[in-house]
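Numbering (the numbering used here), first residue to last: 651 to 983.
Following this line, the structure appears as structure tokens:
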């Protein structure tokens, strides 16, 4: 019976992986697929291994950084569990945006017995830090490659964006109105069951947010953060060696490509479609042909996606096994 359950579980996991691949590739045109396959044939594939290791190392350091915040909250989750659920989260986000955050909280709650709402608070902190780091990276890119980045912003990113700005203003107004209504409801009906439960959840989220403010290992947290973003960037620079037509490009150009491509990843699930387009448009400004720019975008995006799919699926297999004989009681310092 247990063998049958395991077989069914593995089939479901494998099927999920196939679904992710189909979901990502279903919107690709025949031309895009042909370009992707042809770029793989042209590429120097020896660089797949170092870039893959750097990508996995960045995910591992992200898991270690997450652990620092949880330690501040008096929980001591195993680093392996943090790493595995982080990879599972990335895998899930490829299919459905933000599903990964839910699964990370769900799995860590299951295996480490940490309250999910406190985990949400730490994830919110991570997202805030991601935004700060992106702003820093973008600022550095402007300092290093001012003309290139400015040209892209004026002619690519914000071109014909009047409707988008209007939509953002409307959404901001709706969000503010909703917030004020909720605030009135909470104040007017403090004994309501929904209000009591919501306040409890908000307190736990606040505890997660405060974990970074009171963090005793801020220096280590900052070192992890710098290393994570350094590893993200260096993959782009090393990736130039995939194609002979890009191997001569400077370090400065890689800052511009990294900063702009990060926008694409933030805007669309996994950056599909937009990542390749943004990379191509930036490389055009450095005299790289459209075909080579697109090819590089497809190679880097494809490799990153394959790494997340494979490592995420492996993590789904490994996570229950490494916790099979573990006492699932919460670990309190």
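Every residue, glycine too, gets a C-beta built ideally from N, C-alpha and C.
Residue from the options whose Cα sits closest to the Cα of residue i
{"i": "residue 958", "options": "714, 745, 697 and 694", "result": "745"}
{"i": "residue 899", "options": "743, 932 and 924", "result": "932"}
{"i": "residue 718", "options": "680, 709 and 870", "result": "870"}
{"i": "residue 728", "options": "751, 756 and 761", "result": "761"}
{"i": "residue 777", "options": "722, 716 and 766", "result": "716"}
{"i": "residue 916", "options": "711, 752 and 785", "result": "785"}
{"i": "residue 774", "options": "792, 751, 763 and 764", "result": "751"}
{"i": "residue 691", "options": "942, 960, 967 and 974", "result": "942"}
{"i": "residue 780", "options": "763, 827, 843 and 872", "result": "872"}
Pair within 8 Å by beta-carbon distance, residue i and residue j
{"i": "residue 892", "j": "residue 694", "result": "yes"}
{"i": "residue 902", "j": "residue 794", "result": "yes"}
{"i": "residue 938", "j": "residue 895", "result": "yes"}
{"i": "residue 875", "j": "residue 783", "result": "yes"}
{"i": "residue 885", "j": "residue 705", "result": "yes"}
{"i": "residue 905", "j": "residue 790", "result": "yes"}
{"i": "residue 702", "j": "residue 878", "result": "no"}
{"i": "residue 772", "j": "residue 720", "result": "yes"}
{"i": "residue 730", "j": "residue 972", "result": "yes"}
{"i": "residue 734", "j": "residue 969", "result": "yes"}
{"i": "residue 887", "j": "residue 897", "result": "no"}
{"i": "residue 798", "j": "residue 935", "result": "yes"}
{"i": "residue 609", "j": "residue 722", "result": "Residue 609 lies beyond the residue range present for the chain, which begins at 651 and ends at 983; the question has no answer from this structure."}
Whole-number beta carbon distance between residue j and residue i, since they are thought to touch under 8 Å
{"i": "residue 754", "j": "residue 739", "result": "4 Å"}
{"i": "residue 698", "j": "residue 944", "result": "In fact, because the Cβ distance is near 19 Å, the residues do not count as touching under 8 Å."}
{"i": "residue 925", "j": "residue 951", "result": "5 Å"}
{"i": "residue 769", "j": "residue 759", "result": "7 Å"}
{"i": "residue 787", "j": "residue 912", "result": "7 Å"}
{"i": "residue 737", "j": "residue 965", "result": "4 Å"}
{"i": "residue 756", "j": "residue 742", "result": "That belief does not hold up - the Cβ atoms of residue 756 and residue 742 are roughly 10 Å apart, past 8 Å."}
Closer than 8 Å to chain D by CB, residue i
{"i": "residue 945", "result": "Absent here is chain D; the protein component of the structure consists of one chain."}
What runs of the beta strand (DSSP E), each 3 residues or longer, lie entirely inside the segment 890-959? none
What are the complete alpha helix (DSSP H) segments, minimum 4 residues, inside the segment 700-768? Correct list: 729-745 and 749-762.
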